[in-house]
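The next block holds one structure in the form of C-alpha cells; read it before the comments.
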Amino acid sequence: MTTLNKKPTTKQLTQSFGTVTLVGAGPGDPELLTIKAMKAISQADCVLYDALISPEILELIPQQCTRIHVGKRCGDHKMGQADIQTLLVSCARKYQRVVRLKGGDPFIFGRGGEELQYLQQRGIDVLVVPGITAAGGCAAAAKIPLTHRHLGNALVLQSGHSQHGEFDLPQNPTRVFYMGAKQAGAITARLLTEGLHESTPIAIIANGTLPNQQVIKGVLMDLPHLAGQYSGAGPALIVVGEVAAMAELSTQKSSQRQVA
Ligand code: SAH
52 MTTLNKKPTT KQLTQSFGTV TLVGAGPGDP ELLTIKAMKA ISQADCVLYD ALISPEILEL
112 IPQQCTRIHV GKRCGDHKMG QADIQTLLVS CARKYQRVVR LKGGDPFIFG RGGEELQYLQ
172 QRGIDVLVVP GITAAGGCAA AAKIPLTHRH LGNALVLQSG HSQHGEFDLP QNPTRVFYMG
232 AKQAGAITAR LLTEGLHEST PIAIIANGTL PNQQVIKGVL MDLPHLAGQY SGAGPALIVV
292 GEVAAMAELS TQKSSQRQVA
C-alpha cells in the first residue's frame, strides 16, 4: 500500500507542531528549580538553553534529548534573538516537547514575551513555567528582604542594559500591586494624578496559578469597577502597564475560570 499521494488530514495538519514550554531555571542553584520545571526538562525531546544555565541543571536533561546551546553573552553573541525564534519554530516542527530553558524567570528580562508572541503567531502552543528571578534568588542568598516594613514598600526591577551606552530611567514600567484589590479606587486616582493615561491597560489576577484562577482585563479608568467584579475570595494582584494588554484570559488548566 502506498501513502505517497495521501493528503494529510486536518487533524494531522493542526498537529504538525509540538508544544514549546518556556521554562525558568532560577538563578543557578538546581534546588531552586520548580517541580514543574523539573518535569518539563525530564520529559523534553529537545532543550534550547541559555548561557547562564548552570552545569548541574544541564545534567538533568535526559540523555536521549537533543540539546542546543543558544546562549548569548554581551559582546560575544552566539546566536541572535531572531535566529533563536526561527530555530524554536523548526524544533517545534520536529519534536513533540520542546523546552526553552532560560535563567531566572522567562518573563523578567528574558525576552520570553517575544518568544511567546512569535510562536503563538505561528499557531504553536506555548506553556510557561515561571522561575525564581535573580532578584528573589540573590536577595534570599544574601538575606536582603526586598520589601521590609518602613524600609522598602516597593521593588523596582530595572534593566541596566542599554543599546547606546546611555542609562535610561524606566519609560514604561510595569506596576504590580500586591494587596491592592480593596484600594483599587485610591490606586487609580493616584496613578491618574501621576500622569498615567486612563486607557493604560490593567489586569487583575486572582487566585493565580490555582484551579480557580480568574483573570480580568481592562483599562485604568475602569479599574475600580473591575476590581468590584472580583469576589474578594482569595488573593489578587493588579498589574498596570502596557504589558497587561497581553494577558491571556484562557488559562493553562481547563478548569480555570475565565472572565473577560
Ligand atoms: N530572566 C533572568 C534575568 C536575565 S538577564 C531572571 O529572571 O533572573 C541576566 C542578568 O540577570 C545577569 O546579567 C545578572 O544581572 C542577573 N543574574 C542572573 N542570574 C544571576 C545570579 N545567579 N547571580 C547574580 N545575578 C544574576
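By the count of my numbering, the sequence shown reaches residue 311 at its end, each step adding exactly one. Glycine is no exception: its CB is placed at the ideal position from the N, C-alpha and C atoms. Predicted model only: the values in this text are computed from it and were never measured.
Per DSSP, reduced to three states, the secondary structure at residue 79 is coil, with no helix or strand assignment. For residue 270 and residue 181, the gap between their C-alpha atoms comes out near 25 Å.
By the Cβ test, the segment 84 to 96 is not in contact with the segment 204 to 221, since fewer than three Cβ pairs between them sit closer than 8 Å. Remark: C-beta atoms of residue 224 and residue 174 do not approach each other more closely than 9 Å.
By the Cβ neighbour-count rule, residue 158 is buried, with 16 or more other Cβ atoms within 10 Å of its own. For residue 184, the Cβ falls inside the 8 Å cut-off from some heavy atom of the ligand SAH. By the Cβ test, the segment 179 to 199 is in contact with the segment 141 to 161, since at least three Cβ pairs between them sit closer than 8 Å. Of all alpha-carbon atoms in 91, 144, 178 and 256, the one lying nearest the alpha-carbon of residue 279 is that of 256.
Per DSSP, reduced to three states, the secondary structure at residue 300 is coil, with no helix or strand assignment. The beta carbon of residue 229 sits closer than 8 Å to the beta carbons of 288 from its chain, once the five residues preceding and following it are set aside; these are given in chain order.
Listed in chain order, the beta strand (DSSP E) elements of length 3 or more contained wholly in the segment 166 to 205 are 177 to 180.
In this structure, the straight-line span from the alpha carbon of residue 250 to that of residue 243 is close to 10 Å.
Where residue 252 is concerned, there is no enclosing alpha helix (DSSP H), although the beta strand (DSSP E) around it starts and stops at 252 to 257.
When rounded, the separation of the alpha-carbon atoms in residue 115 and residue 139 is 19 Å. Within the chosen limit of 8 Å, the ligand SAH does not reach the beta carbon of residue 218 with any heavy atom.
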